[in-house]
Every structure is written in structure tokens, then in C-alpha cells.
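K.L.:
In terms of this note's numbering, the sequence shown opens at residue -18 and continues consecutively. C-beta: ideal position from N, C-alpha, C; glycine also.
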Amino acid sequence: MSEQAMIDKEGLRQRYAAERDKRIRTDGNDQYIEIKDQLSHYLQDPYVPVKEREPLNDHVTVAYIGGGFSGLVAGARLVERGITDVRILEKGGDFGGTWYWNRYPGAQCDTAAMVYMPLLEETGHMPSEKYAHAPEILEQCQRIGRKYNLYDNALFHTQVKELRWDEEEKVWRITTDRGDDFTANFVGMGTGPLHVPKLPGIPGIETFKGHSFHTSRWDYEYTGGDPEGAPLEKLGDKRVAIIGTGATAVQCVPHLAKACQSLFVCQRTPSSVDIRDNHDIDPKWFHNIATPGWQMRWIENFTANQTGQPAEEDLVADGWTDISKRVREKISKLPKEDLTIEKMMAAYEDSDFEKMEEIRSRCNSVVEDQETAEHLKAWYQQLCKRPCFHDEYLKSYNEPGCELVDTDGQGVERITEKGVVVGGVEYEVDCIIYASGFEVGTPFERRSGYDTVGKGGMLLSDYWADGMRTKHGVHVHNFPNLFISQATQGANLISNYPHNLTECGNTMAIMVRHALDNGFKELEVTEQAENDWMELLLQAPPMMLGTTECTPGYYNNEGKGWGEGETRAVSYPFGPVAYFKYLNDWRDSGSFEGVEFRQ
Ligand code: NDP
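1. Counting C-beta neighbours from all protein chains within 10 Å, is the total for Ser253 16 or more, i.e. buried, or is it exposed?
2. Out of Gln580, Thr532, Tyr536, which one is the CA nearest neighbour of Ile5?
3. If the criterion is Cβ atoms closer than 7 Å, does the pair Phe137 and Gly74 meet it?
4. Rounded to a whole number of angstroms, what is the C-alpha to C-alpha distance between Ile183 and Arg198?
5. So, for Val308: in the same chain, excluding its five sequence neighbours on each side, which residues have a beta-carbon less than 6 Å away from its beta-carbon?
6. Determine the DSSP secondary structure at Gly460, reduced to helix, strand or coil.
7. If you draw a straight line from the alpha carbon of Pro208 to that of Gly87, how long is it in whole angstroms?
8. Comparing C-alpha positions only, which one of Val457, His195, Ser417, Gly540 sits nearest to Cys365?
9. Cα-Cα, which of Gly169, Leu175, Glu143, Asp147 is closest to Asp161?
10. Note down, one range per segment and in chain order, each alpha helix (DSSP H) of at least 4 residues found wholly within the stretch 212 to 242.
11. Mind checking whether the beta-carbon of Arg367 lies closer than 6 Å to any heavy atom of the ligand NDP?
12. Where DSSP assigns a beta bridge to Cys383, which residues make up the other side?
13. Comparing alpha-carbon positions, which option in Ala57, Gln287, Glu102 lies nearest Ile270?
14. What is the C-beta distance between Arg159 and Pro273, in whole angstroms, given that I count them as a contact (C-beta under 8 Å)?
15. Measuring CB atoms only, is the stretch 381 to 394 touching the stretch 419 to 435, in the sense that at least three cross pairs come out at less than 8 Å?
16. What span of residues does the beta strand (DSSP E) with Ser193 cover, start to end?
17. Could you spell out the range, first to last residue, of the beta strand (DSSP E) harbouring Leu504?
18. Which first and last residues belong to the alpha helix (DSSP H) in which Asn286 is found?
19. Leu119 and Trp80: beta carbons closer than 7 Å?
20. Throw me the rounded Cβ distance for the Lys452 and Gly575 pair, which I believe falls under 8 Å.
21. Quick one: grab the DSSP three-state call for Phe163.
22. Cα-Cα, which of Ile322, Arg68, Gln140 is closest to Asp133?
23. For the alpha helix (DSSP H) that Thr302 lies in, which residues bound it at each end?
24. I need the DSSP call for Trp266, collapsed to helix, strand or coil.
25. Express the C-alpha separation of Lys(-10) and Met(-18) in angstroms, rounding to a whole number.
26. If you count every other CB in all the chains shown that lies within 10 Å of the CB of Ile475, and 16 or more means buried, which is it?
27. Cβ of Ser417 versus every heavy atom of the ligand NDP: is any distance shorter than 6 Å?
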């Protein structure tokens, strides 16, 4: 009998629905609490001390908000085109963005480093592993900063308070929490999707008397060890609870499980954890493949294989490309007359059932205690939550001090002075670590920490009150000389986010160069071009991510689904490969159709 025939599809559908239903909550995203006031210590930077400096009141050609991958690649592309007067503003104490903050033990990229780490070819860096660890990625950010002299002008530990278009002078005025008040001809915004930590709104959270921190502000003073993976030696006599079992917890739990006297992993929904199969990169192999243009070839190959427009060869060949490969194989077996949306969706479901059964069976084969193994099984489609890949996570539950505290989908009930309460049982601990993720779905201006005031005093928050409107996800009518660097309304490629950011950086550099060379002071997308782009995008079928049939999480607004505004979180209807080609042609044409350049 075939594997397919043995899968009880209807049984699985019912189990998925039941597991989702018991997790649905009326408060949705409001279950999380904003970190402020007496909780603001959770946001403090444990890594780099804040340096005093004088406020700035000058002018720069380009200001860029955000010193993560997007700011670095845009900065590099601008400098390559001779625009060196670039000032990056960053709330962290160095470049790195996500990789500045997320230094928890075990942090590593889960998209292959060859395609994920930016500007490897330009900086001459060979990733040490197929999936590089966080310190190496942070170093790459610093290497880019040094190579392109982006440190000279950067402002760290600086948060923008307002961005205002000065219509007379045709410049942006930027004010910050460090008292700066300066102007820039052009502004880039690359503030990232997941950067504001959130805490679960568990009753009593403020009463806990022990130590606690969020994973994105890891307290090595308390735990011992370091981001390179040295053992967390100060935890040998500590009882620790970690709340959350998402992609972050999957990476740090193995380190905690080895180090703590007792570790209680508080689980509301298990992650799907497939094989990682990481390995060192062989310098000889790398030397052979790293011929000119190698990184773009790899990036484009990954994007093609991952998004259903396969190249002949699969260079990365990992869990991501495998997801698409399986779906493609299933669809290719359909007779021509069955190539309907319904049949293709059914083929997708079949492929997902097979994959998820495989992933669930790993729990039984890796975890010794079979009751624990059962609780670690994910009962939903693989793309309902961020798919995880890890070879040590499940093994952690074989460590004598590591206990899975499963909450049967209900979450931690209460936090007391002494610990966490689940199912009426109090687990006394010395420390609680919140692996509870980052704000998603809260207003853009709240996450950014500022609003943007465009032409005629128009607030970006008002302009986008009914949802985002852009051309290419980058240009916004009424907001001249502004470039937004992100994926939505462009390629929307989530499996390799930096590919989107690299292209946004290219766009900015090419257009700023064009404006400077031709004496244009102002560039702005026309209302018509923005409308046309939105109309094109809205023809696309709704996104598969974020459906309310999925278990709750940040992909689907905690199970509530997205409102009218979020239906605009769409992508180019012909897929990422076609989008990047279209964008290249649009830029190369030099006419930048839909954008007006004015003297
Ligand atoms: P997530 O938002 O994915 O996970 C938060 C976790 O907290 C979930 O397991 C959630 O459970 C749990 N939780 C929330 N409230 C409670 C509660 N009251 N009681 C118990 N548990 C609770 O955050 P992560 O930091 O793990 O990951 C965020 C994103 O960052 C990922 O999706 C990924 O995009 C990215 N990431 C990428 C990595 C990489 O590329 N290497 C590594 C780490 C993260 P529930 O699922 O039930 O909501």
C-alpha cells in the first residue's frame, strides 16, 4: 500500500481543526503586552553601553533608518555608486539589526548562509557552515560596515522620533531621541518586520521575584557562556522556565537543557522540527564554486527552486527547496484536465500530510519518553507556523534535567512570585526566559517608534489607515524621496528575506544616483502608478500564509485572520522570480515608469 493510502486524511483534518479550535482566544493579538513603563527593563541593551554624544543639526545626502541587513546593503550599493554621504540611524549599539539583538545561545540562520548572508562576494567572506551561527552573521554586518565606511557617519543607540517632509526645501527633517534635528535629501526605511519584543500577558507576570529576560536581550551575566556557544556554566544550580517553543526556543533549548539543573519548557503549541543537517563549508569546494557572480547565481537559484519555478539544479537543496519540490512532484502527476485550483490545493495538502507525518514520526524516534514525544507533535500544516529545522532540539528532552511542560494549547496559567503555574501545578524556578516572539500586527508607527509626515502634513499612518499602498512595496505617493525596504507588495519572498532587501537597496541606489546626476531634487510615485500597482497585485490569489484554518500564531493574527487592510499584504502575482526580473528591467530602462522626477 502506498504511503498516501495509509494516511487517514479525514482523521488528520479533524485533528488539525480540533487542535486549532482549542487554541482560539477572543483576545487574539491583545493577549500580548507592550513592553513599557515598569517592564521597560526588558528592552534594555545588555550588549553595548550607550555612549554620550552631542546632538547633530546638519545635513546629509542620505539618511537610512535601521542598521540591519537592509540599511547595510542599501548603504553598500549607494557607496558603490559614489554616494558616500550616508548616515545610518540604528536603535542598537552597532550594525546587525536582528543579529545585533538575537545573541541567544544556538542562534543561527535557518536559510542557507550562502544565500542568506548579504554581500559575501563583495566582502570576500566564506561562510563557515551551511547554516552560520549568529556571531558570524553579526561579524559579516560589521565587515560590511567597515568595508563601505558606513561606521563613520552612523548614529547608534538612536531612535527616530519624527520624519517630516519639508516642502520648501525638498528635504526630510529627522528628529531623534538623542536630540538630533537634521535634514537629508533622501531617506531609506529598513526597520524590519520582527524587532519589538513582546511579552505574553500571563496574569501575575509582574509579580515574579526571580530573574527574567527576553531571548532577544540574552543575559550572559546571569547564565554564563557566550554567543559562540560556550556552556552556560552559571546555570548548573538553577531552575529555569522558558516560555514559548517557536523558532527561537528550538535553537536555544538544547543549550539550556545541557546547562540547567532543571529546565521546564512551557509549551502552548509545538513547532514542526524537521532535519537540519548542518555541516562545515569546505574551503576547497568553496574556492571552486566562488567564481565571479557566484552569490547572485546561488540566490536566484534558491529563489527559483523555492517558489515553484525550478532551475535545473538545486544548489542549496534543503528543507525549504524540498517543500516546493514535493508539491511540484505531486502537481506534475495530475492529468492535464485536473489542473484546477481545487486539485492543485488537494495535491498540496497531500504533500503536506506526508511531510508532517514524517516530521511527527521523528518525535517518536528521537525522544525516549513516548508521552513527551506525543506532546511534541505539531498538528497543523507545515507553513501554518515558521517551519523549524534542528537536529538537537528533540534530543534535549532526553536530558535528565529537561521537562516538557505541555499546556494543552492553553498557555501558562499564571506567574507567581516563585514561578509558573500550568494545569494548577506551580513550577518553582529561579529564572524565567521569555521566548515569546516579537510584535506583529501592531501599527507600523508603534513598531517603528515614529510617524512619517509627508506632503501637506499627510501622516503615513493615516495614508495607510485602510492598509498599505505602495508601488513595488518601496515608493509611496505623497512621500517623496522616501524608499521603504521590505518584502510586501513586492516579491514577498519569506524563505530568503535578504533577497528582497538587496533588491530594495539596489533600487534606492540607482534612483538616488539618477536624481543626483540629473539635478532632480524630488522624486515621487504618481497616484495613478500606485493605483495601477495595487490593482495588479490585488488580482493575485489570497496569500496561503495566514489562513484562519491554521493554528493561531502571528501568521494569521492569532487565529482571527486579517482585516480588510491586511488583504493588501499581497505580492507580485507572477511570483518572485518574475518580480525580480520585472524590477531589473524597470530600473535598467532608466525611465522608472510611474515615478516623477522633479527639479
Ligand atoms: P514566536 O512568535 O514564533 O513564538 C512565540 C512562542 O511563545 C510561541 O511558541 C507561542 O505559542 C509562545 N507563547 C506565547 N504566549 C504564551 C503563553 N501564554 N504561554 C506559553 N507559551 C506562549 O517567536 P520566536 O522568537 O520563536 O520566533 C519569531 C520569528 O523569528 C520566527 O517565526 C522566525 O520568523 C524568526 N526566527 C528566525 C530564526 C532564524 O532564521 N534562524 C530563528 C528564530 C526566530 P503559540 O505557538 O501557541 O502562539
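P.N.:
Let me lay it out:
1. Walking along the sequence shown from the start, residue 253 turns up at place 272. So Ser253 counts as buried.
2. Position 24 of the sequence shown, counted from the start, is the residue given in the question as residue 5. Comparing Cα-Cα distances from Ile5 to each of Gln580, Thr532, Tyr536, the minimum goes to Thr532.
3. Taking the sequence shown and counting its residues from 1, the one referred to as residue 137 is at position 156. Taking the sequence shown and counting its residues from 1, the one referred to as residue 74 is at position 93. Yes.
4. Start at 1 with the first residue of the sequence shown, and residue 183 comes out as number 202. Start at 1 with the first residue of the sequence shown, and residue 198 comes out as number 217. C-alpha separation (whole angstroms): 20 Å.
5. Mapped onto the sequence shown, residue 308 falls at position 327. For Val308, where only same-chain residues beyond five positions count, the Cβ hits under 6 Å are Tyr329, Ser332.
6. Position 479 of the sequence shown, counted from the start, is the residue given in the question as residue 460. Note that residue 460 is Phe in the sequence shown here, rather than Gly. Annotated three-state conformation of Phe460 is coil, per DSSP.
7. As a position in the sequence shown, residue 208 is number 227, starting the count at 1. As a position in the sequence shown, residue 87 is number 106, starting the count at 1. Going by the C-alpha atoms only, they are around 7 Å apart.
8. The residue you call residue 365 lines up with position 384 of the sequence shown. If we check each option's Cα against that of Cys365, Gly540 comes out closest.
9. On the sequence shown, position 180 is the one that residue 161 refers to. Comparing alpha carbon positions, the residue from Gly169, Leu175, Glu143, Asp147 closest to Asp161 is Glu143.
10. If we require 4 residues or more, the alpha helix (DSSP H) runs fully inside the stretch 212 to 242 come out as 228 to 240.
11. Reading the sequence shown from its first residue, position 386 is the one you call residue 367. At a cut-off of 6 Å, the beta-carbon of Arg367 counts as near the ligand NDP: some heavy atom of the ligand is closer than that.
12. Start at 1 with the first residue of the sequence shown, and residue 383 comes out as number 402. According to DSSP, Cys383 shares a beta bridge with Leu244.
13. Taking the first residue of the sequence shown as position 1, residue 270 is located at position 289. If we check each option's Cα against that of Ile270, Glu102 comes out closest.
14. For the purposes of this step, residue 159 is identified with residue 178 of the sequence shown, where counting begins at 1. For the purposes of this step, residue 273 is identified with residue 292 of the sequence shown, where counting begins at 1. Between Arg159 and Pro273, the beta carbon gap of about 42 Å keeps them out of contact (Cβ cut-off 8 Å).
15. At 8 Å Cβ cutoff, the stretches do not touch.
16. Translated into positions along the sequence shown, residue 193 becomes position 212. Under the DSSP assignment, Ser193 falls in the beta strand (DSSP E) whose first and last residues are 192 to 195.
17. Walking along the sequence shown from the start, residue 504 turns up at place 523. Unbroken beta strand (DSSP E) run through Leu504: 503 to 506.
18. Here the question's residue 286 lines up with position 305 in the sequence shown. Segment 275 to 287, the alpha helix (DSSP H) holding Asn286.
19. Reading the sequence shown from its first residue, position 138 is the one you call residue 119. Reading the sequence shown from its first residue, position 99 is the one you call residue 80. Contact flag set, yes.
20. In the sequence shown, residue 452 corresponds to position 471, counting from 1. In the sequence shown, residue 575 corresponds to position 594, counting from 1. For Lys452 against Gly575, the beta-carbon gap comes to about 6 Å, under 8 Å, which counts as contact.
21. Your numbering for residue 163 matches position 182 in the sequence shown. The answer is strand: DSSP assigns Phe163 an E or B state.
22. On the sequence shown, residue 133 is found 152 positions in, with the first residue counted as 1. Among Ile322, Arg68, Gln140, the Cα nearest to that of Asp133 belongs to Arg68.
23. As a working note, residue 302 is residue 321 in the sequence shown. 300 to 313 is the span of the alpha helix (DSSP H), which, as asked, contains Thr302.
24. On the sequence shown, position 285 is the one that residue 266 refers to. Of the three classes helix, strand and coil, the one that applies to Trp266 here is helix, per DSSP.
25. Looking up residue -18 in the sequence shown gives position 1. Looking up residue -10 in the sequence shown gives position 9. In this prediction, Met(-18) scores a pLDDT of 44, lower than 50, which makes its location untrustworthy; the coordinate-derived value is nonetheless stated afterwards. Their backbone Cα atoms lie some 15 Å apart in a straight line.
26. Sequence index remark: in the sequence shown, residue 475 carries index 494 (1-based). Burial is judged here by how many other beta carbons sit within 10 angstroms of a residue's own beta carbon; Ile475 has at least 16 and is buried.
27. Counting from 1 along the sequence shown, the entry for residue 417 is found at position 436. Ser417 Cβ: within cutoff of the ligand NDP.
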